[in-house]
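Numbering (the numbering used here), first residue to last: 429 to 526.
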């Protein structure tokens, strides 16, 4: 059962990989623009604000892509498998908090 679940997860991630990687690249590019704007002398607040707005938009797009992958995966899982995955995610988050 666990192998089947992993196979489903891998299939979803593989299918969404190009869009996810593009979103991650956009966040990295936006972050570089923020750093460049912040390091400029003299500091141009309008340029920095625009770069920060781009970064927020890129981060939102990445979050939407992650959410879409989770929704797609949840739709493919049986109720039992979905509950098991949620329990494992909760445990993982709890371990990270410690």
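Backbone N, C-alpha and C fix where the C-beta goes; we use that ideal spot for every residue, glycine too.
| Item | Value |
| --- | --- |
| Which of helix, strand or coil DSSP assigns to residue 498 | helix |
| 8 angstroms Cβ cutoff met for residue 499 and residue 505 | no |
| For residue 520, the three-state DSSP class (helix, strand or coil) | helix |
| Whether residue 465 touches residue 479 by CB criterion (8 angstroms) | yes |
| Closest by C-alpha distance to residue 463, when choosing among 444, 450, 477 | 477 |
| Backbone secondary structure at residue 470 - three-state DSSP | coil |
| Residue 440 and residue 497 closer than 8 angstroms at C-beta | yes |
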